[in-house]
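Just so it is clear: in the sequence shown, position 212 is 242 by the working numbering, and no numbers are missing.
Backbone N, C-alpha and C define an ideal beta-carbon position, used for all residues, glycine too.
Please read these numbers as outputs of a predicted model, since none were measured by experiment.
Inspection log for the structure reproduced underneath, given as C-alpha coordinates.
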Amino acid sequence: PEFQGNVIGDVQKNDMRYYVYLSEGTQMIRIVPADHFPLHISFADYGIKRVVGKSVYDLVVEETQGDLTTGNDFTGTFTEDAEITGMTAAQICLLGFDYDVGRNGKAQNYAKAQKYYRIAAEQGYAEAQWRLGYLNKEARGGDKNYDEAMKWLKASANQGNAYGQYYLGNMYLYAEGVRMDEAEAAKWYRMSAEQGNSNAQYNLGYLHLKGLGVTKDTLAAVDWYVKAAIQGHSTAAYELGKMYESGKGI
31 PEFQGNVIGD
41 VQKNDMRYYV
51 YLSEGTQMIR
61 IVPADHFPLH
71 ISFADYGIKR
81 VVGKSVYDLV
91 VEETQGDLTT
101 GNDFTGTFTE
111 DAEITGMTAA
121 QICLLGFDYD
131 VGRNGKAQNY
141 AKAQKYYRIA
151 AEQGYAEAQW
161 RLGYLNKEAR
171 GGDKNYDEAM
181 KWLKASANQG
191 NAYGQYYLGN
201 MYLYAEGVRM
211 DEAEAAKWYR
221 MSAEQGNSNA
231 QYNLGYLHLK
241 GLGVTKDTLA
251 AVDWYVKAAI
261 QGHSTAAYEL
271 GKMYESGKGI
(Lines of atoms letter the chains of each structure in order from A; the text may use other names.)
(Lines give C-alpha, C1' and ligand atoms only; values in the text may rest on other atoms or scores of the structure.)
Protein backbone atom coordinates (compact mmCIF):
# COMPACT_ATOMS: atom_id res chain seq x y z
CA PRO A 31 0.00 0.00 0.00
CA GLU A 32 0.91 3.67 -0.33
CA PHE A 33 1.16 5.77 2.83
CA GLN A 34 0.25 9.44 2.38
CA GLY A 35 0.71 12.27 4.84
CA ASN A 36 3.76 13.71 6.57
CA VAL A 37 5.80 10.59 5.76
CA ILE A 38 9.58 10.90 6.07
CA GLY A 39 11.76 8.68 3.89
CA ASP A 40 10.89 5.20 2.65
CA VAL A 41 8.35 2.92 4.30
CA GLN A 42 9.96 -0.28 5.57
CA LYS A 43 8.22 -3.66 5.54
CA ASN A 44 8.96 -6.71 7.65
CA ASP A 45 6.57 -9.63 7.14
CA MET A 46 3.11 -8.05 7.60
CA ARG A 47 4.34 -5.03 9.52
CA TYR A 48 5.02 -1.63 7.98
CA TYR A 49 7.32 0.91 9.62
CA VAL A 50 6.31 4.45 8.74
CA TYR A 51 8.26 7.49 9.94
CA LEU A 52 6.15 10.60 10.40
CA SER A 53 7.11 14.17 11.12
CA GLU A 54 6.40 15.48 14.61
CA GLY A 55 2.94 16.99 14.98
CA THR A 56 1.28 14.76 12.35
CA GLN A 57 -2.41 14.21 13.09
CA MET A 58 -3.50 11.82 10.36
CA ILE A 59 -2.28 9.37 7.74
CA ARG A 60 -3.93 7.96 4.62
CA ILE A 61 -3.30 4.37 3.52
CA VAL A 62 -4.05 3.57 -0.12
CA PRO A 63 -4.02 -0.20 -0.82
CA ALA A 64 -3.54 -1.29 -4.42
CA ASP A 65 -7.09 -2.55 -4.88
CA HIS A 66 -9.04 -1.36 -1.86
CA PHE A 67 -10.76 1.84 -0.81
CA PRO A 68 -8.41 4.40 0.84
CA LEU A 69 -8.22 4.24 4.62
CA HIS A 70 -8.07 7.56 6.49
CA ILE A 71 -6.68 7.33 10.01
CA SER A 72 -7.09 10.26 12.36
CA PHE A 73 -4.88 9.70 15.40
CA ALA A 74 -7.37 11.60 17.56
CA ASP A 75 -9.72 8.62 17.17
CA TYR A 76 -7.14 6.60 19.10
CA GLY A 77 -6.54 9.16 21.82
CA ILE A 78 -3.42 10.62 20.18
CA LYS A 79 -3.72 14.35 19.55
CA ARG A 80 -0.61 14.42 17.38
CA VAL A 81 2.58 12.45 16.81
CA VAL A 82 5.29 13.18 19.37
CA GLY A 83 8.94 13.09 18.31
CA LYS A 84 11.05 10.01 19.13
CA SER A 85 7.91 7.99 19.99
CA VAL A 86 6.68 4.67 18.61
CA TYR A 87 3.03 4.00 17.85
CA ASP A 88 1.66 0.56 17.01
CA LEU A 89 -1.52 0.51 14.91
CA VAL A 90 -3.10 -2.87 14.19
CA VAL A 91 -5.55 -3.07 11.30
CA GLU A 92 -7.44 -6.34 11.01
CA GLU A 93 -9.49 -7.34 7.99
CA THR A 94 -12.93 -8.77 8.74
CA GLN A 95 -15.70 -9.96 6.43
CA GLY A 96 -16.28 -7.08 4.06
CA ASP A 97 -14.62 -4.33 6.07
CA LEU A 98 -11.77 -3.24 8.23
CA THR A 99 -12.30 -2.76 11.93
CA THR A 100 -11.66 0.95 11.44
CA GLY A 101 -14.70 1.11 9.15
CA ASN A 102 -13.02 3.05 6.33
CA ASP A 103 -11.84 0.38 3.90
CA PHE A 104 -13.57 -2.66 2.52
CA THR A 105 -12.85 -5.70 0.43
CA GLY A 106 -15.10 -8.14 -1.38
CA THR A 107 -17.61 -7.81 -4.17
CA PHE A 108 -20.64 -5.62 -3.58
CA THR A 109 -23.89 -5.99 -5.42
CA GLU A 110 -26.27 -3.24 -6.48
CA ASP A 111 -29.71 -1.85 -5.66
CA ALA A 112 -31.79 -4.66 -4.17
CA GLU A 113 -28.84 -6.02 -2.26
CA ILE A 114 -27.58 -2.79 -0.73
CA THR A 115 -30.10 -3.31 2.04
CA GLY A 116 -28.06 -4.19 5.08
CA MET A 117 -24.86 -2.64 3.75
CA THR A 118 -23.09 -0.09 5.88
CA ALA A 119 -22.78 3.47 4.61
CA ALA A 120 -19.09 2.84 3.98
CA GLN A 121 -19.83 -0.22 1.84
CA ILE A 122 -22.36 1.72 -0.21
CA CYS A 123 -19.82 4.51 -0.60
CA LEU A 124 -17.33 1.94 -1.89
CA LEU A 125 -19.84 0.80 -4.50
CA GLY A 126 -20.12 4.43 -5.58
CA PHE A 127 -16.34 4.61 -5.75
CA ASP A 128 -16.27 1.59 -8.05
CA TYR A 129 -18.45 3.49 -10.51
CA ASP A 130 -16.58 6.74 -9.92
CA VAL A 131 -13.24 5.37 -11.10
CA GLY A 132 -14.40 2.33 -13.08
CA ARG A 133 -13.06 -0.69 -11.23
CA ASN A 134 -14.08 -4.10 -9.89
CA GLY A 135 -15.89 -4.89 -13.13
CA LYS A 136 -17.87 -1.63 -13.12
CA ALA A 137 -17.72 0.72 -16.09
CA GLN A 138 -17.12 4.32 -15.08
CA ASN A 139 -20.51 5.92 -14.54
CA TYR A 140 -20.67 9.20 -12.63
CA ALA A 141 -24.47 9.17 -12.39
CA LYS A 142 -24.38 5.82 -10.57
CA ALA A 143 -21.48 7.04 -8.45
CA GLN A 144 -23.59 10.01 -7.39
CA LYS A 145 -26.51 7.72 -6.64
CA TYR A 146 -24.59 5.54 -4.20
CA TYR A 147 -22.58 8.37 -2.71
CA ARG A 148 -25.86 10.15 -1.97
CA ILE A 149 -27.30 7.15 -0.14
CA ALA A 150 -24.20 6.95 2.05
CA ALA A 151 -23.94 10.73 2.43
CA GLU A 152 -27.49 10.94 3.72
CA GLN A 153 -26.48 8.48 6.42
CA GLY A 154 -23.81 10.93 7.54
CA TYR A 155 -20.77 9.22 6.03
CA ALA A 156 -18.18 11.98 5.56
CA GLU A 157 -16.21 10.23 2.80
CA ALA A 158 -19.34 9.94 0.65
CA GLN A 159 -20.33 13.52 1.45
CA TRP A 160 -17.18 15.09 0.07
CA ARG A 161 -17.12 12.81 -2.96
CA LEU A 162 -20.74 13.66 -3.75
CA GLY A 163 -20.01 17.35 -3.28
CA TYR A 164 -17.00 17.11 -5.58
CA LEU A 165 -18.96 15.40 -8.37
CA ASN A 166 -21.63 18.11 -8.16
CA LYS A 167 -18.97 20.82 -8.24
CA GLU A 168 -17.30 19.34 -11.31
CA ALA A 169 -20.52 18.43 -13.18
CA ARG A 170 -19.76 14.71 -13.16
CA GLY A 171 -22.94 12.68 -13.37
CA GLY A 172 -25.20 15.67 -14.00
CA ASP A 173 -25.25 19.43 -14.34
CA LYS A 174 -22.89 21.53 -12.24
CA ASN A 175 -24.70 22.21 -8.98
CA TYR A 176 -22.83 24.50 -6.59
CA ASP A 177 -25.63 24.46 -4.02
CA GLU A 178 -25.40 20.68 -3.70
CA ALA A 179 -21.62 20.86 -3.74
CA MET A 180 -21.58 23.39 -0.92
CA LYS A 181 -24.12 21.41 1.09
CA TRP A 182 -22.18 18.16 1.01
CA LEU A 183 -18.67 19.56 1.20
CA LYS A 184 -19.64 21.59 4.24
CA ALA A 185 -21.27 18.54 5.85
CA SER A 186 -18.07 16.56 5.34
CA ALA A 187 -15.80 19.43 6.40
CA ASN A 188 -17.76 19.95 9.60
CA GLN A 189 -17.07 16.32 10.47
CA GLY A 190 -13.35 17.02 10.16
CA ASN A 191 -12.76 15.40 6.77
CA ALA A 192 -9.58 16.91 5.29
CA TYR A 193 -10.76 16.53 1.69
CA GLY A 194 -14.11 18.13 2.39
CA GLN A 195 -12.28 21.02 4.07
CA TYR A 196 -9.89 21.44 1.14
CA TYR A 197 -12.57 21.48 -1.57
CA LEU A 198 -14.76 23.75 0.53
CA GLY A 199 -11.83 26.15 0.75
CA ASN A 200 -11.57 26.04 -3.04
CA MET A 201 -15.20 27.05 -3.41
CA TYR A 202 -14.61 30.16 -1.31
CA LEU A 203 -11.30 31.03 -2.96
CA TYR A 204 -12.56 30.64 -6.53
CA ALA A 205 -16.09 31.99 -5.89
CA GLU A 206 -17.78 28.76 -6.96
CA GLY A 207 -21.43 29.46 -6.20
CA VAL A 208 -20.55 31.82 -3.36
CA ARG A 209 -19.01 35.27 -3.01
CA MET A 210 -15.22 35.08 -2.96
CA ASP A 211 -14.05 34.99 0.65
CA GLU A 212 -10.31 34.51 0.99
CA ALA A 213 -10.41 34.53 4.78
CA GLU A 214 -13.02 31.74 4.80
CA ALA A 215 -10.95 29.80 2.27
CA ALA A 216 -7.87 30.18 4.47
CA LYS A 217 -9.83 28.91 7.48
CA TRP A 218 -10.79 25.66 5.78
CA TYR A 219 -7.41 25.23 4.13
CA ARG A 220 -5.73 25.51 7.52
CA MET A 221 -7.96 22.81 9.02
CA SER A 222 -7.15 20.52 6.11
CA ALA A 223 -3.46 21.44 6.01
CA GLU A 224 -3.04 20.66 9.69
CA GLN A 225 -4.29 17.15 8.93
CA GLY A 226 -1.59 16.72 6.29
CA ASN A 227 -3.43 17.53 3.04
CA SER A 228 -0.64 18.68 0.72
CA ASN A 229 -2.92 20.62 -1.64
CA ALA A 230 -4.31 22.59 1.28
CA GLN A 231 -0.80 23.16 2.59
CA TYR A 232 0.27 24.60 -0.75
CA ASN A 233 -2.80 26.82 -1.08
CA LEU A 234 -2.44 28.10 2.47
CA GLY A 235 1.21 28.87 1.79
CA TYR A 236 0.21 30.80 -1.32
CA LEU A 237 -2.36 32.85 0.63
CA HIS A 238 0.30 33.74 3.20
CA LEU A 239 2.76 34.65 0.45
CA LYS A 240 0.26 37.05 -1.16
CA GLY A 241 -1.48 38.19 2.02
CA LEU A 242 -4.89 36.99 0.82
CA GLY A 243 -7.34 36.39 3.65
CA VAL A 244 -4.45 36.05 6.11
CA THR A 245 -1.54 38.16 7.26
CA LYS A 246 1.17 38.38 4.64
CA ASP A 247 3.91 36.19 6.07
CA THR A 248 6.66 34.86 3.81
CA LEU A 249 8.09 32.63 6.52
CA ALA A 250 4.70 31.00 7.04
CA ALA A 251 4.41 30.55 3.27
CA VAL A 252 7.78 28.80 3.18
CA ASP A 253 6.79 26.58 6.09
CA TRP A 254 3.62 25.38 4.34
CA TYR A 255 5.39 25.00 1.00
CA VAL A 256 8.00 22.81 2.68
CA LYS A 257 5.33 20.62 4.27
CA ALA A 258 3.61 20.19 0.90
CA ALA A 259 6.85 19.63 -1.02
CA ILE A 260 7.98 16.91 1.41
CA GLN A 261 4.83 15.02 0.44
CA GLY A 262 5.65 15.30 -3.25
CA HIS A 263 3.61 18.37 -4.19
CA SER A 264 5.48 19.41 -7.34
CA THR A 265 4.15 22.98 -7.56
CA ALA A 266 5.09 23.65 -3.94
CA ALA A 267 8.57 22.29 -4.60
CA TYR A 268 8.90 24.48 -7.71
CA GLU A 269 7.75 27.65 -5.92
CA LEU A 270 9.99 26.84 -2.99
CA GLY A 271 12.93 26.44 -5.37
CA LYS A 272 12.24 29.86 -6.87
CA MET A 273 12.17 31.39 -3.40
CA TYR A 274 15.51 29.81 -2.52
CA GLU A 275 16.99 31.00 -5.81
CA SER A 276 15.88 34.58 -5.24
CA GLY A 277 16.48 34.53 -1.50
CA LYS A 278 12.90 35.58 -0.91
CA GLY A 279 11.76 34.59 2.56
CA ILE A 280 14.73 32.33 3.11
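Under the Cβ criterion (8 Å, minimum of three pairs), the stretch 206-223 counts as touching the stretch 161-177. GLU168 sits exposed, since fewer than 16 C-beta atoms from the chains shown fall within 10 Å of its C-beta. TRP160 places its beta carbon less than 9 Å from that of TYR197.
Using a Cβ distance threshold of 9 Å, GLN225 and GLN189 do not count as a contacting pair.
Considered as a whole, the stretch 220-264 harbours no complete run of any beta strand (DSSP E) with no fewer than 3 residues.
With fewer than 16 other beta carbons inside 10 angstroms of its own, GLN42 counts as exposed. By the criterion of a C-beta distance shorter than 8 Å, ALA156 is surrounded in its chain by ALA185, SER186, GLN189, GLY190, ASN191 and GLY194, once the five residues flanking it on both sides are discounted.
GLN34 has ARG60 as its beta-bridge partners, per DSSP. Within the stretch 148-201, the runs of alpha helix (DSSP H) that reach at least 4 residues and sit entirely inside it are, in chain order, 156-167 and 176-188.
For ILE122, no beta strand (DSSP E) run applies; the uninterrupted alpha helix (DSSP H) run containing it begins and ends at 119-131, by DSSP. By the neighbour-count criterion, in which 16 or more other beta carbons inside 10 Å mark a residue as buried, ASN44 falls on the exposed side. Excluding the 5 residues flanking it on each side, SER222 has same chain C-beta neighbours closer than 6 Å at ALA192, GLN195, TYR196 and ALA230, in chain order. Assigned with DSSP and collapsed to three states, LYS43 falls in strand. For SER53, the three-state secondary structure derived from DSSP is coil.
In the three-state DSSP reduction, ILE71 falls in the strand class (E or B).
Residue pairing from DSSP places TYR48 in a beta bridge opposite LYS43.
GLN138 carries a coil assignment under DSSP once its states are collapsed to helix, strand and coil. Here DSSP, grouped into helix, strand and coil, assigns ALA266 to helix.
With fewer than 16 other CB atoms across the displayed protein chains lying within 10 angstroms of its CB, SER264 is exposed. DSSP places GLU206 outside both helix and strand once states are collapsed to three, so it counts as coil.
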